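In what follows, a structure is listed as structure tokens, so that the remarks can point back to it.
Written out as structure tokens, the structure reads:
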């Protein structure tokens, strides 16, 4: 499902940005201002990127709510946990802290051992939060998860990176 989600997000982002550019051009034509015509491209791109982040956040909240409603709440054991600093890879060359977690659990329907892994990014200004999450989700600790059919999600309030939402 992750591959389908990743491809869907890529196609959705292109379509969403195309719509943002069309809306910006239509608004610039409607105003008739030369300044609006000159600025519609950078303003539309900036606002489109920001709005797309809100769309992804809303999709994650909806999916989380659905899984909490329709899924089975369980506890999983963390089998892999990693905290790394990605130097100069954030916006404006700030550092990014990546927390990568993988948990193992017996599937409620089949009883087969299954794994779910997620990655979380924090800016350099939220390093303490990244360290706190990594300490809370250290190897051997227990983490709440929600499972429904072939979908599983770590039930923590922090949204994972966009590719790991599904």
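Residue numbers (my numbering): 255 to 420.
Where a beta carbon is used, it is the ideal one built from N, C-alpha and C, also for glycine.
Nothing here was measured: the structure is a model prediction, and the numbers come from that model.
Residue i vs residue j beta-carbon contact at 8 Å
i: residue 388; j: residue 369; result: no
i: residue 373; j: residue 351; result: no
i: residue 327; j: residue 409; result: yes
i: residue 306; j: residue 267; result: yes
i: residue 291; j: residue 282; result: yes
Nearest-angstrom Cα separation, counted from residue j out to residue i
i: residue 348; j: residue 381; result: 12 Å
i: residue 394; j: residue 376; result: 23 Å
i: residue 277; j: residue 298; result: 8 Å
i: residue 415; j: residue 311; result: 10 Å
i: residue 354; j: residue 325; result: 23 Å
i: residue 288; j: residue 304; result: 25 Å
Among the options, the one whose alpha carbon lies nearest that of residue i
i: residue 367; options: 376, 274, 395, 333; result: 333
i: residue 272; options: 302, 403, 396; result: 302
i: residue 335; options: 317, 397, 364, 316; result: 397
i: residue 421; options: 322, 294, 323; result: This structure does not reach residue 421, given that the chain is present from 255 up to 420, and the question cannot be answered.
i: residue 364; options: 286, 404, 323, 371; result: 404
i: residue 449; options: 392, 384, 269; result: What the structure shows of the chain is the stretch from 255 to 420, and residue 449 is not part of that stretch, so it cannot be assessed.
i: residue 385; options: 339, 413, 411, 406; result: 339
i: residue 407; options: 330, 300, 281; result: 330
i: residue 296; options: 258, 279, 261; result: 279
i: residue 392; options: 337, 318, 341; result: 337
i: residue 411; options: 341, 359, 317; result: 317
Rounded Cβ spacing between residue i and residue j (contact assumed at less than 8 Å)
i: residue 361; j: residue 401; result: 7 Å
So within the region 295-376, which uninterrupted beta strand (DSSP E) runs reach at least 3 residues, ignoring any that extend past its ends? Within the region 295-376, the complete beta strand (DSSP E) runs of at least 3 residues are 326-340, 350-360.
**Item:** Residue ranges of each alpha helix (DSSP H) within the region 255-299, 4 or longer
**Value:** Restricted to the region 255-299, the alpha helix (DSSP H) segments that are unbroken, complete and at least 4 residues in length are 256-285, listed in chain order.
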